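Single-structure report; data block below.
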Amino acid sequence: MKLYLSSYRIGGHGAALETMAASGDFALIPNALDSVGDASIRESVVERGVADLEDLGFRVAVFDLRRYFGCAEALAETLRGHESVFVTGGNVFVLRWAMAESGFDEFVRSQIENRAFLYAGYSAGSCVCSPTLDGLDLIDDPSIVPDGYTPPALYGGLSLIPFTFVPHFDSDHPESPRIQEVIDHCTRNGIHYRAFRDGEVFIGRTGQHAG
């Protein structure tokens, strides 16, 4: 599996994303935004994500994982027509929940040996690829339970990368002032992490330790 993990939006390596995608189709996963109370804000972020990909020449289909809660086989069958996914930012714990409830996490894991499959995302969409979400609760609230979700929050990430992805480091982003708290927590607890400034991207494959 190919990985394109950005701190914020597409980041500074859009040309690389164009090259990495096996086809011109992307499945956009916006469920990290399910805890956003203002529907217009959620819609605007989704529209921006679609536009970012379309500006690179991709065709985009938006997948709401909530429609597949308890229907993992249906989701897997639908996603088999897409070799590229792009997962937006938002609350990483809400996103992890949605992935578990829909079976998206197992679908992604089933693609680990697929050299054509591309997992791309930013912020929460990148963080969820970490082995653990421990420490990310300092910036995202794990106690938020959107309608249709079943607690408790999950702290185990997808383990697609061997470190905790820490976004928005030293950046012009509302969460940046608290990122140092995450770094300090990881350091105290022996959690391997990498911090990324907005614009920076991790590019690699599952099983690789550098990118």
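Taking the working numbering, the leading residue of the sequence shown gets 3, the next gets one more, and so forth. Glycine included, every Cβ here is placed at the ideal spot set by N, Cα and C. Keep in mind that this is a model prediction, so the values were computed, not measured.
Exposed or buried, what is residue i when buried is set at 16 or more other beta-carbons lying within 10 Å of its beta-carbon?
i, result
"residue 84", "buried"
"residue 207", "exposed"
"residue 211", "Residue confidence is low: residue 211 scores 48 on pLDDT, short of 50, so the model does not pin down where it sits. Its coordinate-derived value is still stated next. Exposed, by the Cβ-count rule."
"residue 20", "exposed"
"residue 174", "exposed"
"residue 57", "exposed"
"residue 31", "buried"
Tell me the rounded alpha-carbon separation between residue i and residue j.
i, j, result
"residue 160", "residue 75", "19 Å"
"residue 91", "residue 139", "15 Å"
"residue 171", "residue 181", "6 Å"
"residue 65", "residue 52", "12 Å"
"residue 112", "residue 176", "35 Å"
"residue 82", "residue 99", "21 Å"
Leaving aside the five residues before and after residue i along the sequence, list all residues of the same chain whose C-beta is less than 6 Å from its C-beta, in chain order.
i, result
"residue 126", "34, 91, 92, 94 and 97"
Can you name, in chain order, every residue of its own chain whose Cβ lies under 7 Å from the Cβ of residue i, other than the five neighbours on each side?
i, result
"residue 137", "166, 184, 187, 188 and 193"
Considering only heavy atoms of the ligand ZN, does any lie closer than 7 Å to the CB of residue i?
i, result
"residue 92", "Among the ligands in the structure shown, none appear at all, so the ligand ZN cannot be discussed."
Inset, instruction - Within the segment 101-134, note down every full alpha helix (DSSP H) run reaching 4 residues or more, in order along the chain. - result: 106-112 and 126-129
Legend entry - At least 3 beta-carbon pairs within less than 8 Å: the segment 9-28 vs the segment 197-212: yes
Inset, instruction - Kindly provide the ranges of any beta strand (DSSP E) runs that are 3 or more residues long and lie completely inside the segment 7-82, ordered along the chain. - result: 27-31 and 61-64
Legend entry - Segments assigned alpha helix (DSSP H), at least 4 residues, entirely inside the segment 132-162: none
Inset, instruction - Examine the Cβ distances between the segment 89-107 and the segment 29-42 and report whether three or more of them are shorter than 8 Å. - result: yes
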